[in-house]
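Residue numbers (this note's numbering): 38 to 357.
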Ligand SMILES: Cc1ncc(C[n+]2csc(CCOP(=O)(O)OP(=O)(O)O)c2C)c(N)n1
Ligand SMILES: [Mg+2]
C-alpha cells in the first residue's frame, strides 16, 4: 500500500473516532433523538474492509453504521447532520443514526432490525450476478445477528446460488448485554460457515492492516466466482451497546484490557515503525479536529426537513 493510502486510512479512523466523540456530546445535550450506537473501538474493521473494496462493490451494514458511512466516503458533515435530523444529512435527516445511506457511494444502509439486511445483501448480489457484473456485495453484521434465522437463510441461499457476497461478522463479544458464549452454541462464528459448505477466515479486528489483507484475499476469492465467503473479525466496542447502557454485564478491567489494544494506537505504532514520522500523524489529527468542528457548525446551522418532505422518498420507482 502506498504511503498516501496508509495515511488516508489513519485519517479515516481518527475521523470516525472524533465524529463519534462529538456525537456523544451532542446526544448528551439532547440534540440527537432516538438510539445511537457508537463504533468506537471497532474502527479498524470497516476501515480495513472498505479499503479493499472497489467503488462498484456494494456495502450494507447494521445500525452501528457511522464508521462504515465515513469509510464509504460520506462526508463528516453529512453524517453529523443526519445525527441531528437535518435536511443536509446523508439520508435527508429522516434516517438518523441507524439509517446512514448513500447509494451513489454504494452504501446501502444502516439497518435497525438485527439480521434483516442479510437477505437484502443476497438480493443485491443476485441482481449483480444476473446482470453479469463482477461487483460484489459486502455485508457486515454483529455476532448476535448470527443467532437469527435471517443469517442462516441468507448464508444458505447465497451458497446454493454461489452469489458474490463477502459476509463480515464483527464479533465484539456481546449482543447488547449477552456475551457470545451465553448466546451461541459455537464460540467461533467462522465455524458456522461450514454448515453451508462455505470457506471462512478469522482476523484480528483491532489491526487495520491485517483486516485489509484478509479482506483483499476474501474479496479476490468472491470476485473470481468462488461464491460467498465468511470473514470473522474479532473486536470490541469500548462504549456501551447504545447511549445510556449501564454496562452491568461486563467488568471494567475487561474494558480496560481491550482499550490497551486501541486500534488507532496500534495503527499509529505500525506507521511509526514504517518510518512515517509522528509529525504527519499529528497533522492528520489537527486536520480532523478542524474538519469535525466545521461539520458540527454546518449541521447545527442546517434546516430541519420541510414538513412536505414527510412522504417523499418512502418508495423509489427507479434506482440511480
Ligand atoms: C430482530 C431484532 N431483535 C432484537 C433487537 C434488539 N437488539 C438491538 S441490537 C441487538 C444486539 C445485536 O448484537 P450484535 O449483532 O452482536 O451487534 P452489536 O450491537 O454488538 O454491534 C438486539 C438484540 C432488534 N433490533 N431486532
Ligand atoms: Mg456484538
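Here a beta-carbon is modelled for each residue, glycine too, at the ideal position from N, C-alpha and C.
Residue i beta carbon near ligand 2 (any heavy atom closer than 7 angstroms)
i: residue 108; result: no
i: residue 78; result: no
i: residue 209; result: yes
8 angstroms Cβ cutoff met for residue i and residue j
i: residue 200; j: residue 166; result: yes
i: residue 179; j: residue 209; result: yes
i: residue 249; j: residue 85; result: yes
i: residue 125; j: residue 106; result: no
i: residue 317; j: residue 309; result: no
i: residue 90; j: residue 256; result: yes
i: residue 333; j: residue 150; result: no
i: residue 53; j: residue 104; result: yes
i: residue 172; j: residue 93; result: yes
i: residue 152; j: residue 138; result: no
i: residue 300; j: residue 80; result: yes
i: residue 205; j: residue 185; result: no
i: residue 101; j: residue 74; result: yes
i: residue 274; j: residue 78; result: yes
i: residue 214; j: residue 220; result: no
i: residue 245; j: residue 46; result: yes
is_contact[residue i, chain D] using C-beta, thresh 8 angstroms
i: residue 248; result: Of the protein chains in this structure there is only one, and it is not chain D.
Residue i CB to nearest heavy atom of ligand 4 below 7 angstroms
i: residue 222; result: Ligand 4 is not among the ligands present in this structure, which contains only ligand 1 and ligand 2.
Contact belief for residue i with residue j at Cβ below 8 angstroms, rounded distance in angstroms
i: residue 265; j: residue 235; result: 6 angstroms
i: residue 226; j: residue 183; result: 5 angstroms
i: residue 243; j: residue 306; result: Residue 243 to residue 306, Cβ: 12 angstroms. No contact.
i: residue 195; j: residue 232; result: With 8 angstroms as the limit, residue 195 and residue 232 do not qualify as a contact, their Cβ atoms being about 13 angstroms apart.
i: residue 251; j: residue 240; result: 4 angstroms
i: residue 82; j: residue 270; result: 5 angstroms
i: residue 336; j: residue 129; result: Wrong, their Cβ atoms sit about 13 angstroms apart, outside the cutoff.
i: residue 72; j: residue 135; result: 6 angstroms
Between the CA atoms of residue j and residue i - distance to the nearest angstrom
i: residue 347; j: residue 131; result: 8 angstroms
i: residue 267; j: residue 76; result: 21 angstroms
i: residue 287; j: residue 164; result: 42 angstroms
i: residue 51; j: residue 108; result: 11 angstroms
i: residue 216; j: residue 222; result: 12 angstroms
i: residue 190; j: residue 311; result: 44 angstroms
i: residue 321; j: residue 120; result: 24 angstroms
i: residue 145; j: residue 260; result: 19 angstroms
i: residue 155; j: residue 177; result: 8 angstroms
i: residue 323; j: residue 355; result: 42 angstroms
i: residue 88; j: residue 279; result: 26 angstroms
i: residue 327; j: residue 158; result: 36 angstroms
i: residue 202; j: residue 262; result: 10 angstroms
i: residue 360; j: residue 49; result: Residue 360 is absent from the structure shown; the chain starts at 38 and stops at 357.
i: residue 338; j: residue 44; result: 31 angstroms
i: residue 114; j: residue 329; result: 7 angstroms
i: residue 277; j: residue 283; result: 7 angstroms
i: residue 207; j: residue 289; result: 21 angstroms
i: residue 258; j: residue 160; result: 20 angstroms
i: residue 66; j: residue 247; result: 38 angstroms
i: residue 341; j: residue 197; result: 46 angstroms
i: residue 110; j: residue 141; result: 10 angstroms
i: residue 254; j: residue 237; result: 11 angstroms
i: residue 325; j: residue 61; result: 17 angstroms
i: residue 59; j: residue 281; result: 16 angstroms
i: residue 294; j: residue 285; result: 17 angstroms
i: residue 349; j: residue 224; result: 44 angstroms
- Residues surrounding ligand 1 [beta-carbon distance to nearest heavy atom under 5 angstroms]: What you get when you keep residues with a C-beta closer than 5 angstroms to any heavy atom of ligand 1 is 101, 150, 151, 179, 180, 181, 182, 209, 212, 213.
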